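In what follows, a single structure is set out as structure tokens and then discussed.
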Amino acid sequence: MFNSNKNLRLIDYQHSYFYQQKRKKQRRKWLKFIILFLLVTSVIAVIVPFARAATFNQELPAKMSSVTENPLIQGPQLLFSHPDKRQRATLPVDITANIEVNGLVAYARIKQVFINPYNSSVSGEYQFPLPESSAIKHLTIKMADQVIIGQIMEKQAAKAVYQQAKKQGKKASLVQQQKPNLFTNNIANIPPLSKVEVTLEFIMPVNITKNSLSESVFNLRLPVAITTRYQSIYDQKTFDKPNSEALFHNAKEALKRIEYNSEVLPKAIADNHTAISISLNAGASIRTIKSASHNIQTQALDNQESQYLITLQKQQTTAKQDFEISWQLKASYEPQVSSFTEQIGDEYFTLLTFFPPESEQVSTLSRDIIFIIDTSGSMQGSAIAQAKASLQQAILNLSSEDSFNIIAFDDNVSLLFTKTQMATNHNIAQAQQFINHLQADGGTEMYRPLSQALVMAKDQQQTAKAIRQVIFITDGAVANEFELMQLLEGAQANFRLFTVGIGAAPNGYFMKKAAQFGRGSYVFINNSEDVQKQMTALMSKINHPAITNISLIFDNLVHQETEVFPKKITDLYMGEPLQITVKSKLPITSMQAMGDSAQSPWYQQVIVDDNQSSKGISTLWARRKIENLLDSLVTGADKAQVKADVISTSIAHQTLSPYTSFIAVEMPAELLPITAKNSAKNNAIKAKYQMNTLAKAHENLMVAMPRTALGWHQQLVIGLILMLSAPLLLRIWSK
Amino acid sequence: MTNVTKLFQKLVVLALVIIGGVMSIQASWLPTKAWLSQQLINYSWQQSITAPKPLVAIKPWPWADTYPIAELIFQRLDKSIVVLNGGDPTTLAFSAGAVAPFNQPKATNPFVVAGHRDSHFAFLEDIAMKDVISLVDGQGKTQLYQVKNIDIVDATTGQLPLIADEQTLVLITCYPFNQLGNDSNERYVITAKPL
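So the protein lines, in turn, are chains A and B.
Everything in the first sequence is counted per this note's numbering, starting at 2 for the first residue and increasing by one.
Everything in the second sequence is counted per this note's numbering, starting at 36 for the first residue and increasing by one.
Written as structure tokens, this is what we have:
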């Protein structure tokens with residue numbers, strides 16, 4: 002028994018439980034080792050960049066804090082140079098905003114009162130976030146013994162003023178815009194327990210959002226408040242949380258003390274008040290007026306219900322939110338034209354606003370569309386994929402009434418058809434195949450495809466009335482912009498050019514200008530997810546022009562010298578009102594507007610009501626005039642002459658241009674009477690007086706930020722891990 | 036162990052080696068391409084600054100869609116890079132690119148240059164405030180700039196606001212520098228003012 006037992010043990014020795022366990026353990030050890038290795042590599046890969054980033058943060062603490070400081074500016078404020086950070090910001094105790102809306106232009110005059118609550122005199126910085134694409138017109142800062150007036154001056158003159166102030170030993174400071182649209186101005190020596198009154202005038206456009214194809218909502222937003230964001234950022238960082246309640250308390254206390262001393266101060270500014278009054282002249286009958294932020298009161302001023310006076314309701318007068326207002330027009334089946342006038346000196350400015358009809362049933366015009374697609378090397382990667390997707394989308398949106406063609410170009414030009422063809426199923430299928438075969442390579446020669454598109458023959462079946470629309474899909478990476486502009490400027494044919502910007506960094510300037518010269522519009526598609534949406538929107542928009550070939554006719558005997566901007570009037574599209582500005586020597590009382598609608602010629606007699614002067618219209622005209630002058634450089638105008646013209650227009654209408662800057666000049670209180678008009682003459686006088694503050698507003702532009710990482714580290718790490726894991730696997734399996 | 040499983044194992048290992056190898060080669064091809072193209076770009080740049088004026092765009096290779104327009108020299112770091120025209124992905128793969136419409140070094144405009152953080156602009160990490168950068172334009176003129184601002188900005192909108200009528204040099208690259216992958220929502224923006 003015993004022996005046999007022993008034998009058995011010897012035979013089965015290798016399969017015994019003990020050895021099985023041992024081998025398993027060995028295998029596990031390898032497995033553990035592999036897993037550990039993989040874990041360590043991946044952890045290192047993840048941690049190293051973080052660790053680097055962390056040390057980087059420690060190296061530059063000052064920079065990081067400046068980054069977090071910037072988003073605090075949400076409403077107008079005065080920052081005192083107080084040693085205690087928490088005591089710096091002060092908010093206006095009183096805001097009065099008067100806004101005049103004329104069609105799509107709003108002229109705002111905002112008066113704010115700040116209090117220096119301290120017993121010593123401090124210096125401060127005034128900050129005001131201007132609404133998007135607004136332009137500052139005038140600035141006045143009034144204090145006990147000084148007045149700072151801001152206006153537009155020629156750059157050279159502004160520099161001279163600045164230099165002189167410096168020479169006189171004054172503390173001259175050139176303040177710049179830190180962030181786009183943040184207006185800042187330094188104020189020195191604010192006396193203790195005193196009042197600072199800031200008046201700011203600016204012009205801003207009314208925003209239009211589309212509810213549907215034809216219905217649009219007009220809205221306006223004023224940053225006159227301390228928003229909730231202002232406090233929440235401070236809340237996150239308790240160590241420098243400003244006690245805004247205490248600040249208000251301080252200011253109020255200070256005010257009380259001032260009031261004791263003088264009875265001039267009105268009682269009204271005892272609390273944080275906002276008084277807003279808007280005179281809204283929409284130019285057409287208004288259906289609704291709403292404010293999402295405040296309770297408002299409206300009062301109709303005329304029978305057509307196109308003019309309203311809007312004020313705040315009494316129970317809500319504190320400024321805790323941006324002020325927002327929106328309105329909608331009554332639906333109309335006919336295009337409407339409204340007019341506004343302004344008189345500056347002995348010149349008259351007229352603004353015509355064309356409102357498209359708001360109706361769902363629209364008859365469409367047949368079109369003759371040519372797509373030009375850029376297939377040059379710069380379009381490689383996601384750009385060409387986006388361009389192809391948008392072109393496919395556009396082809397699907399064609400109706401059987403339309404004729405079309407596709408031109409693809411790099412340094413060669415290839416055509417789908419020799420002339421435009423009707424959008425039949427057969428032709429569309431052919432086009433789709435053509436698009437699929439496009440590849441991005443080679444150089445960019447835009448001149449030939451563009452000139453070909455302008456003169457290409459139409460399909461015989463297409464009606465003579467059909468509009469030639471050119472849709473240009475490109476990233477705009479061109480070297481010969483000027484040549485192309487000249488081609489578009491000089492083109493005789495009646496066509497519309499629409500540019501579609503593709504890719505991370507399209508040349509926005511070129512696209513915008515080309516569309517302007519071609520009486521069309523431009524659209525940028527940054528995100529490949531938006532291709533379908535944006536392309537459908539563009540196609541349905543250009544499918545329904547309400548009026549095309551618009552022209553204005555004045556009484557030529559009376560108005561011999563009129564200047565109309567834009568020089569090339571675009572078509573009127575659904576949901577997109579159109580603005581035309583006219584300058585004339587004599588007041589215009591009536592004119593005729595003509596054009597073509599889908600069914601019949603369109604005509605309207607416009608009677609201009611010149612009893613009422615509307616603010617901001619000359620500015621709009623001047624902006625366009627300056628833009629036009631600068632564009633004329635492209636077509637070879639004399640540089641010095643253009644510069645002189647731009648400067649004179651800019652100063653006369655207080656509109657910023659590349660050759661002028663906005664500067665603020667300090668002067669004694671008795672030398673106040675300066676208006677926008679005679680300011681140019683007064684420049685010489687002013688330079689003699691005390692100046693120590695200069696502010697400068699700049700033109701701002703957005704530039705695209707391309708993706709700037711190749712990501713090859715990641716791929717390399719994954720590749721190496723895969724290669725390393727192969728011998729390890731072999732090792733495990735061979736055991 | 037059966038023959039089938041052995042064969043399977045061999046196949047798996049082979050596949051891993053091949054996939055890993057291809058990935059590694061492809062990954063290292065990107066910086067290699069970036070380096071190789073630099074030689075050609077430098078050559079064409081030398082040609083274009085010595086070329087008779089008015090300047091004709093000299094392409095680094097015949098089928099290129101871009102041409103060198105300026106050279107940036109970072110003396111303290113002992114680095115220099117030739118800037119190509121355009122901010123599109125193809126151009127950026129070869130060298131740093133000037134982004135339209137600020138792609139001409141002029142006295143009235145900013146000049147905006149973007150580059151990859153893991154190839155041409157990797158050294159931007161070492162740039163410090165007050166560093167001096169010299170920019171050589173197509174005419175061979177040199178303008179000195181001094182670093183005045185280093186910002187880390189959010190790039191989810193893809194747009195960077197700029198003061199459009201001032202002479203500045205703006206360098207853009209992705210941030211953080213040593214992060215893996217190529218989708219970064221932050222940009223490292225260096226602003227330099229003329230000296």
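Where is the CB? At the ideal position from N, CA and C, for every residue including glycine.
None of these values were measured; they are calculated from a predicted model.
Check                                                                                                                           : Outcome
Collapsed DSSP secondary structure at K160/A in the structure displayed                                                         : helix
Within 9 angstroms, strictly: CB atoms of G121/B and S651/A                                                                     : no
Sufficient close CB pairs (3 or more, under 8 angstroms) joining the region 387–402 of chain A to the region 444–459 of chain A : no
Closest residue to I474/A among K23/A, I374/A, A384/A and D403/A (Cα-Cα distance)                                               : I374/A
Euclidean distance between Cα positions of L579/A and F372/A                                                                    : 25 angstroms
9 angstroms Cβ cutoff, Y510/A in contact with chain B                                                                           : yes
T126/B (DSSP reduced to helix, strand or coil)                                                                                  : helix
C-alpha gap between L498/A and K143/A, whole angstroms                                                                          : 50 angstroms
Beta-bridge pairing of W603/A - partner residues as DSSP gives them                                                             : G596/A
Start-to-end residues for the alpha helix (DSSP H) that takes in Y510/A                                                         : G509 to F518
is_contact[A54/A, chain B] using C-beta, thresh 9 angstroms                                                                     : Low confidence applies to A54/A: its pLDDT is 43, below 50, so where it sits in the model is not reliable, and the reading given next is rough at best. Chain B contact via Cβ: present.
Sequence-distant residues of its chain with Cβ nearer than 7 angstroms to S121/A (five each side left out)                      : P193
I370/A beta carbon less than 9 angstroms from that of Q470/A                                                                    : yes
Sufficient close CB pairs (3 or more, under 8 angstroms) joining the region 96–109 of chain B to the region 72–79 of chain B    : yes
Own chain residues within Cβ distance below 8 angstroms of N8/A, not counting five before or after                              : Here N8/A scores only 49 on pLDDT, less than 50, and its place in the model should not be relied on; the value that follows carries that caveat. If we look at N8/A and ignore the five residues flanking it on each side, it has no Cβ neighbours.
is_contact[P229/B, chain A] using C-beta, thresh 9 angstroms                                                                    : no
Contact list for G173/B against chain A, beta-carbon separation under 7 angstroms                                               : Per Cβ cutoff of 7 angstroms: no residues; G173/B is ~12 angstroms from chain A at best.
Buried or exposed (CB count within 10 angstroms, at least 16 for buried), Y334/A                                                : exposed
Cβ of S130/B within 9 angstroms of any chain A Cβ                                                                               : no
D646/A classed as buried or exposed, judged by whether at least 16 other C-beta atoms fall within 10 angstroms                  : buried
Counted within 10 angstroms of its Cβ, other Cβ atoms place W70/B as buried (16 or more) or exposed                             : exposed
Nearest-angstrom Cα separation, counted from Q202/B out to N220/A                                                               : 36 angstroms
Assigned secondary structure, A276/A (DSSP; H/G/I helix, E/B strand, else coil)                                                 : strand
Bounding residues of the beta strand (DSSP E) (the contiguous stretch that carries M205/A)                                      : K196 to P206
T101/B at chain A interface by Cβ criterion, 9 angstroms                                                                        : yes
Burial state of H295/A (16 or more Cβ within 10 Å)                                                                              : buried
Selection of the region 438–452 of chain A by Cβ proximity to chain B, strictly under 9 angstroms                               : A441, D442, G443, G444 and T445
A50/B beta carbon near the ligand HEM (any heavy atom closer than 8 angstroms)                                                  : What this structure holds is no ligand at all, so the ligand HEM is not there to describe.
Spatial distance of Q22/A from T40/B (CA atoms)                                                                                 : 23 angstroms
Contact list for F156/B against chain A, beta-carbon separation under 9 angstroms                                               : T709
Against chain B: residues of the region 708–734 of chain A by CB proximity under 9 angstroms                                    : R708, T709, A710, L711, G712, W713, H714, Q715, Q716, L717, V718, I719, G720, L721, I722, L723, M724, L725, S726, A727, P728, L730, L731 and W734
Burial state of Q337/A, where buried means 16 or more other Cβ atoms lie within 10 Å                                            : buried
Contact check, V524/A vs A538/A, beta carbons under 9 angstroms                                                                 : yes
Range of the contiguous alpha helix (DSSP H) that encloses W734/A                                                               : W713 to S735
Cβ pair count under 8 angstroms reaching 3, the region 214–227 of chain B against the region 705–723 of chain A                 : yes
Proximity winner among A190/B, L195/B, A227/B and D189/B, relative to V205/B (alpha-carbon distances)                           : A227/B
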